[in-house]
Amino acid sequence: MTEQQPPFRDPALPRGKRIDDLLARLTLDERIAMLHQFAPAVERLGVAAFRTGQEALHGVAWMGPATVFPQAVGLGASWNEDLVRRVGEAVGTEARAMRTRDDRVGLNVWAPTVNLLRNPLWGRGEEGYSEDPALTSAIAVAYTRGLRGDDPRYWRTAPVLKHWLAHNNETDRSTASASVRPRVLHEYDLRAFRDTVQAGSVAGVMPAYNLVNGRPNHLSPYLRAQLRSWTDQPLMVCSDAGAPSNLVDSEHYFDTHEEASAAALKAGVDSFTDHGTDSSIMVGRLRGALEQALIDESDIDAAVRRQLAVRFSLGEFDPESDPYAGITPDQGFDTPEHRALAQEAAEQCVVLLKNDGLLPLPGGQRIALVGLLADECKLDWYSGTLMHRSTPLDGLRARFGAGLVMHAEGADRVRLRTAAGWLQVPESGEPGQAGGSTEAALDPALLAGRTDLPPLTCGDTPSELALIDWGGGVLTLRAADGRYLSVADDGFVRASADQPGGWVVQETFSREEHAGGHLLKHTGTGRYVSVAADGAKVAEHGDVFEIETIERGADAVARAAADADVVIVVAGNDPHINGRETEDRTTLALPAHQDSLLRAAHAANPRTALVLCSAYPYAVPEADDRLPALLWTAHGGQAAGTALARVLAGDVSPAGRLPQTWYTSDAELPGLLDYDIIGSRQTYLYYRGTPLYPFGHGLSYASFGYADLTAEREGEAVQAEFTVTNTGDVAADEVAQLYARAVHPSVERPSRELVAHRRVHLAPGASQRLSFTVPVSALGHWDVAHGRWSVEPGTYELLAGASSTDIRAVAKLAIDGEPAGPRPVLTRGLAAADYDEQHATEIVDRTKTAGDAVTPVTGATGELLYRRCDFGPAATRAGVVAAGEGTVELSLPGSTVTFRIPPTGGLYEYTTVEAGFEASGVCDVRLKLRGPVRLAHIGFSG
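Be aware that the sequence shown starts at 424, since it is given in the numbering used here, and climbs by one per residue.
See the structure below:
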């Protein structure tokens, strides 16, 4: 081996030796520099610059034109792993193809998001796949396998899962802590990550902004204790953007950035995403941590080694051997195959919620297509730029004939007047890039209103604007040429944006009543619209506007509906408004403006169907009662309109299934920050009410029968089989679902839990025998009494059906084994967080690096229950380990002892307080916590 070809360049050597060789050749400064997201080149070794992070949630995002597939939640609604794997292949191939002409396109892709859709008010629900861990992991495994590729040595792209761990709120997302009890942690939040990592196509994970049990996720002890125990592969952990600084700046978890950076590195973070492309700040902090002996070179080397393992897997050092290195834009970008796949994916995402015979639509009818999204193809924050665009209006006119499809958007047409005159929109020429130039569109953080267009003015000639109220008082205003009013960095208001968008949306406003008129407040700046000689701009004080309504949108919709044979109302959300990253939803209700359009359409024509095109569920019980047909689809990408038209026409029988429960009202939801799905009965697993539409629900233009379910245990698996038959008269897909439940569990268990599913295509009259292998471990739960996964002996039911509530066949199965038995408290004591039930408590960090404690919610008395505690012949003494101050009251049937915790001097300064105590046999233990006490453990002795 010559100096011109060092060992790390030799593809014949074992990869581990090559990584060690390159690592040894790097100086300390070069290794530290690699810990930032933008690692510089090492020119003396011929090592190129490298960046972690390329968004690829449902297509290559932020880097200009790319194939746009349906949103992730829509892909989840397909319940089709084969489809999603092919989508992943296409996205990975486009990333490779785009990189050949733009080296800013990265191959370390930050996708998919496997956070579970626990609460439908979460603003980022569009990014996840499902509320169920089994379905989420199945879809995530498929997507990562597509992104990764099939070559045993080299990866097409290197997927990073988001966001570790228990991340379901945007409200206070960098300061709020999710209280996650051990059962929920192991049975729910960890599972989607674990199953996907164990499948072998994941390069790493990204920690979330929030805290879990009082500790920031970027310090999560589970990165080592769980994540890296699931695989021998050297997983890379990439921080979320700005999160390292949050450890000091917003979370105040450490006093200095050197301490924070050192703690994150030692916890397992390998790449620090902070301060954009400026690596000097993070490098300086890590250098300072090294100089202060908070870390040593071995900590740096461990992180760099994991990064290098990813870079070698991507073929960076073996361009001649890498099978994906030759993908060119002509071969792998915007191909006919990708365009067809985008349409297929959009078709498979459509869920038919209700149909009383209105659908499919026959040809020759006059169709009124109405609603705010009837002629829209909405993108979200993680979309690429559309190369092809199909709205519902485009799709229906192409399918049914332009002359048969009438359109009414339903926006209110208004004029705005101030004391200076009518608001005027100057003519602005040809439409341009949404929100900015083409170059700016490559980086959403730079999006702003265009400044090459004239600002709005006042004069004698009024301009007509389309006003839409998206709910919660959030408005958009659109000029006659189709551009939205937007505010640029210079503060002027212009009709300059093709769509609302950007990290800070500059196209939304709200009305405030004032002096007989309204002030117009700009959401992005918090300032008010005022009009001066040089144009309209935002300022601290605004002008009072008179809003004159020329025509109500509901009136236009009613006219179109009355003149049609059938009405299709397309309602839903704009993914940049009222629910998105940084912003949770406030309600499940359909916005009042859209509800008025729906009511107007139905009143004018009872043959009205509602299509909800949205990133999340709505509560629409009245629509379900009144309308003959309802459908839902996530924003379906570039082929959304064509796909919807083909489903409405019956060219495709809908077979999407709901990936999350649809509730009837906000009252059925617990608090957004309540992560205890067991105690608060969240998701279909524990919810005891009657949902509007259940998890797994979706109808078809065909009908299906289920028969001959059998289930037998074979070793460590259950073999289940049943037959599905198409009893209808059209070919269609069916999503066969298999659930399991423990009949007589000793602890609270799900009413039923998805263990397998399969999407199959059947011709009329055709049958297929489906076989499933279910690991016996899938029937288990986390046993907090003994700190392990446990499958209780007893009777279990396997349930086959078309949804979580539409069960068609049941088989019983006896599982033998050793009963777990009561808690051995004399030997193990009670870890405070290992409770069976709680009230008014939250789990917090025992120390900054590991362990849990329990504290009462501020101002409340916390209660904990531990069932079936075994004290043996006799326990005579008890002791509590606690910090803070307050009291811990321990009660058994017939006796109570109170421990007074003196002030300990700090959150992590624990003391042990003991007292005499008498107990024997097996009984429940109850605790009451008062004051700011942090209870870690209760011990007993005989």
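Built from N, CA and C at the ideal position, the CB exists for glycine as well.
All values reported here derive from a predicted model rather than from experimental measurement.
So, with DSSP's three-state summary, where would you put residue i?
i, result
"Val1248", "helix"
"Ser652", "helix"
"Thr861", "For Thr861, the pLDDT reaches just 33, beneath the cut-off of 50, and the residue's location in the model is therefore unreliable, although a value from the coordinates is still provided. Helix, per DSSP."
"Gly1217", "strand"
"Asn669", "helix"
"Lys1271", "coil"
"Thr972", "strand"
"Met659", "strand"
"Gly585", "It is Lys, not Gly, that sits at residue 585 in the sequence shown. Strand, per DSSP."
"Leu1236", "strand"
"Ile1101", "coil"
Going straight from the alpha carbon of residue i to that of residue j, what length do you get?
i, j, result
"Val1366", "Leu1020", "Because the chain in this structure spans residues 424 to 1365, residue 1366 falls outside the shown range and cannot be described."
"Ala857", "Asp997", "At Ala857 the pLDDT is 36, less than 50, meaning the model places this residue with poor confidence; the figure from the coordinates comes in the next sentence. Whole-angstrom Cα-Cα distance: 15 Å."
"Arg647", "Asn640", "12 Å"
"Leu731", "Glu739", "10 Å"
"Phe616", "Val537", "7 Å"
"Ala1234", "Ala1134", "6 Å"
"Pro854", "Ala902", "Confidence in Pro854 is poor, its pLDDT being 46 and thus under 50, which makes the residue's placement unreliable; the coordinate value appears in the next sentence. Approximately 12 Å between the Cα atoms of the pair."
"Phe1294", "Arg1323", "23 Å"
"His941", "Asp912", "24 Å"
"Phe1118", "Thr1056", "15 Å"
"Glu974", "Leu458", "58 Å"
"Asp678", "Ser813", "52 Å"
"Arg1366", "Ala447", "Nothing in the structure corresponds to residue 1366, since the chain is present only between 424 and 1365."
"Asp1239", "Val1214", "9 Å"
"Val603", "Tyr552", "21 Å"
"Thr580", "Arg522", "11 Å"
"Ile442", "Arg728", "7 Å"
"Ala416", "Arg1269", "Any property of residue 416 remains undetermined from this structure, which presents the chain solely from 424 to 1365."
"Leu436", "Leu445", "13 Å"
"Leu498", "Cys772", "6 Å"
"Ser673", "Thr598", "7 Å"
"Ala1273", "Gln715", "22 Å"
"Ser736", "Leu650", "20 Å"
"Ala462", "Arg906", "40 Å"
"Gly1362", "Arg1300", "8 Å"
What do you get for residue i, buried or exposed, if any count of 16 or more other CB atoms within 10 angstroms of its CB means buried?
i, result
"Trp1212", "exposed"
"Arg527", "exposed"
"Glu1265", "buried"
"Glu862", "Confidence at Glu862 is low in this model, with a pLDDT of 34, below 50, so the placement of that residue is unreliable and no value is reported for it."
"Lys440", "exposed"
"Pro742", "exposed"
"Arg467", "exposed"
"Pro1040", "buried"
"His481", "buried"
"Thr884", "exposed"
Could you work out which residue in the options is closest to residue i when comparing CA atoms only?
i, options, result
"Asp505", "Ala447, Val1183, Glu674", "Val1183"
"Tyr805", "Trp485, Glu1308, Gly1307, Gly1274", "Trp485"
"Ala955", "Ser933, Gly914, Ala918, His698", "Gly914"
"Ala1163", "Asp1156, Ala1201, Val1320, Tyr1039", "Ala1201"
"Asp612", "Ser1190, Gly572, Tyr1110, Asp555", "Asp555"
"Glu1139", "Gly1151, Thr1084, Val1199", "Val1199"
"Ala1237", "Ser1227, Ser597, Glu1137, Arg836", "Glu1137"
"Tyr1258", "Gly1354, Val1348, Gly1329, Ala601", "Val1348"
"Gly818", "Glu850, Pro605, Glu770", "Glu770"
"Pro759", "Ala1179, His811, Gly469", "His811"
"Arg524", "Ala631, Thr559, Gly755, Leu1053", "Gly755"
Need the endpoints of the alpha helix (DSSP H) that residue i sits in, please.
i, result
"Ile562", "556-571"
"Glu681", "680-690"
"Ser919", "Where Ser919 is concerned, there is no enclosing alpha helix (DSSP H), although the beta strand (DSSP E) it sits in stretches over 916-920."
"Gln754", "752-755"
May I ask which residues mark the beginning and end of the beta strand (DSSP E) holding residue i?
i, result
"Gly1064", "Where Gly1064 is concerned, there is no enclosing beta strand (DSSP E), although the alpha helix (DSSP H) it sits in stretches over 1063-1072."
"Val1158", "1155-1165"
"Arg1291", "1285-1293"
"Leu1020", "Leu1020 -> not in any beta strand (DSSP E); alpha helix (DSSP H) instead, spanning 1015-1027."
Is any non-hydrogen atom of the ligand GTP found closer than 7 Å to the C-beta of residue i, if you look at the structure I gave you?
i, result
"Gly833", "The ligand GTP is not part of the structure shown, which contains no ligands of any sort."
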